[in-house]
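Chains as they are written, first to last, in the numbering used here: chain A, 1 to 295; chain B, 296 to 607. The C-beta atom is built at its ideal place from N, Cα and C for all residues, glycine as well. Notes follow the structure.
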């Protein structure tokens, strides 16, 4: 069958795998954007920059303190989450009474600051980050060769996405969160500290971005530019999926990763633009997005 | 009384613009004027319709490539090259605008940004754009077949005329019945719909006008710097025009012009600082959004109004 298509199965499955990996980053990042948007009504333009910082924190922990991958996977999201909490408390909080666009513009400014600082410090070239010992090597699956680390990335991101879904949809904390998204005044009347929930939501959302950054560090080079190129694609993913549901973000993220991977096999010239084309088609057919609610 | 004072200010500004190249480097002035057109075009959408386009680099840079290509490779005269740049920007604006106005608010910004990124990737891949090198040494010889514009000094006045024409057009648009409907959409879209206006037609027309004017800015800029490159279509360029408009004052006529001059001057003086420029721009973004939302012209106007009301 593969011979008929004129494509080597190795290439096809290799690109599919790469697509799934990109898709897992799209999923985690768009999930974080959706959680933040639901609570804060802010589109976090700095999301890509914080993903980049997450990767850099892991790199710096290894380089300067000798702290390895597994610890970084926990530490980096916490450090970036603290940075996020600082941003929310000192800057974003002043804008909630204004038009949502100001939140976008503020976080855009933050993205420029972060990217500029890291570019000044590390230049535009990437820093390598080695794969942890436990996950090196690969497995021959018969139809393709699977590098263990890449399999791990997909599994880890699925676990994180499912855990997020579980916390928000199935726990008490999540129910407060959903209620506060619908009607913050009423929820605070019940004695729940809504500003603190907003703070935690933002910290959690950017922590997710940092987690994705650590996952990405061994695959891509750790570079100051890694975030800004990704975030625009993630915006397109968010427009396609709509920010209404968590499962929607995850499905859209992985789905678009696969579409991108397949495009690389069959028509490589369009691989950078295919997601934007999908976005245009979705806007024509279903303007609210695949999983979106109009509001 | 008010009328004569406004007229006096206008004449003084015009005199300043005419005398400026005797004092300041003309290429710098021309560049600033092009970006002033660009920022005014952007402001037409955000300031008067309330639509934040985060992808205006697509029209600016797209038209720059087209103008540079037809002038250099096909040997078209400059006036036709600029016109074809504007035409392409208008077509792009029509296509992207029709898609983007299907969503509102924050989604509108994301859609325009994503579509502009598509143009960027196309520019990276297309052969005629010259990849990283861009289209260099775009020829600038004669205008209308008899005006020699290879001289920077003469070309400055051509750019000034283009700027004044664009500014006058925007003034007319804003102060027309059409402009009033746009402002109504900005203030209250559902009410405008209920009054019987086909809001989407107005939005789309405003979008196409804004994109075309951004195209005019881009294709004029090509003949100032004689270069069309990836910088012109990058998302950073879309961010820069937002910054200019914010600094100058959203929704004011002169704000974007002031903002463009401020930002271009800043870039000129800071060009030696490398990546710090990015950081400084980011800091200005944050400061303006947090505590200077009216911008320079907006603050002056508010101060003026308060003074007039305070002292009868």
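Check                                                                                                                                                                                           : Outcome
Counting only beta-carbon atoms, is residue 120(A) nearer than 9 Å to chain B?                                                                                                                  : yes
The beta strand (DSSP E) with residue 146(A) in it runs from where to where?                                                                                                                    : 145 to 147
Between 14(A), 244(A), 147(A), 22(A), which has its C-alpha nearest residue 135(A)'s C-alpha?                                                                                                   : 147(A)
In the DSSP assignment, the beta strand (DSSP E) including residue 139(A) goes from what residue to what residue?                                                                               : 138 to 140
Among 192(A), 129(A), 226(A), 246(A), whose alpha-carbon lies nearest the alpha-carbon of residue 66(A)?                                                                                        : 129(A)
Would you mind reading off the limits of the alpha helix (DSSP H) that contains residue 348(B)?                                                                                                 : First-last for residue 348(B): undefined, no H or E at that position.
What does DSSP give as the partner residues of residue 127(A) in its beta bridges?                                                                                                              : 222(A)
In or out: residue 276(A) buried (at least 16 other Cβ within 10 Å) or exposed?                                                                                                                 : buried
For residue 443(B), which three-state DSSP category applies?                                                                                                                                    : strand
Tell me which residue opens and which closes the alpha helix (DSSP H) that residue 100(A) is part of.                                                                                           : 100 to 122
Go ahead and label residue 223(A) buried or exposed: buried means 16 or more other beta carbons lie within 10 angstroms of its beta carbon, across all protein chains shown.                    : buried
Does the beta carbon of residue 584(B) sit closer than 9 Å to a beta carbon anywhere in chain A?                                                                                                : yes
Quick one: Cα of residue 383(B) to Cα of residue 368(B), how far?                                                                                                                               : 17 Å
I'd like the ranges of any beta strand (DSSP E) spanning at least 3 consecutive residues and lying wholly in the region 187 to 269 of chain A.                                                  : none
Does DSSP classify residue 42(A) as helix, strand or coil?                                                                                                                                      : coil
Quick check on DSSP: helix, strand or coil for residue 522(B)?                                                                                                                                  : coil
Listed from N- to C-terminal order along the chain, which residues in the region 238 to 256 of chain A have their beta-carbon within a distance smaller than 8 Å of any beta-carbon of chain B? : 238, 239
Could one say the Cβ of residue 456(B) lies closer than 9 Å to chain A's Cβ atoms, at least one of them?                                                                                        : no
Run through the region 558 to 599 of chain B for me and flag every whole alpha helix (DSSP H) of 4 or more residues, listed as ranges in chain order.                                           : 571 to 586
Using a threshold of 9 Å, state whether the C-beta atoms of residue 429(B) and residue 522(B) are closer than that.                                                                             : yes
List the residues of chain E whose Cβ lies closer than 8 Å to the Cβ of residue 43(A), in chain order.                                                                                          : The structure shown contains no chain E; the protein chains it does contain are A and B.
What first and last residue would you give for the alpha helix (DSSP H) that runs through residue 427(B)?                                                                                       : It is not in any alpha helix (DSSP H) - residue 427(B) carries neither H nor E in the DSSP assignment.
Does residue 204(A) pass the burial test, meaning 16 or more other C-beta atoms within 10 Å, or should it be called exposed?                                                                    : buried
Can you tell me the Cα-Cα spacing of residue 69(A) and residue 110(A), whole angstroms?                                                                                                         : 27 Å
Would you say the region 493 to 503 of chain B touches the region 389 to 404 of chain B, given that touching needs at least three Cβ pairs under 8 Å?                                           : yes
Can the beta-carbon of residue 508(B) be found less than 9 Å from the beta-carbon of residue 559(B)?                                                                                            : no
Comparing alpha-carbon positions, which option in 282(A), 194(A), 20(A), 36(A) lies nearest residue 209(A)?                                                                                     : 36(A)
Compare the Cα-Cα distances from residue 61(A) to each of 234(A), 263(A), 162(A), 217(A) and report the closest residue.                                                                        : 217(A)
Out of 41(A), 175(A), 229(A), 10(A), which has the shortest C-alpha to C-alpha gap to residue 22(A)?                                                                                            : 229(A)
Any C-beta of chain A within less than 8 Å: which residues of the region 410 to 429 of chain B qualify?                                                                                         : 410, 412, 413, 416, 417, 419, 420
Can you tell me where the alpha helix (DSSP H) holding residue 63(A) begins and where it ends?                                                                                                  : 47 to 65
Excluding the 5 residues preceding and the 5 following residue 344(B) in the sequence, name in chain order all residues of the same chain whose CB lies nearer than 7 Å to its CB.              : 477, 480, 481, 498, 501
Leaving aside the five residues before and after residue 16(A) along the sequence, list all residues of the same chain whose C-beta is less than 6 Å from its C-beta, in chain order.           : 261
Starting from the N-terminal side, write out each stretch of the alpha helix (DSSP H) that is 4 residues or longer and does not extend beyond the region 299 to 370 of chain B.                 : 321 to 343, 352 to 367
Hey, how far is the Cα of residue 536(B) from the Cα of residue 576(B)?                                                                                                                         : 11 Å
Within the 9 Å Cβ cut-off, does residue 575(B) reach chain A?                                                                                                                                   : yes
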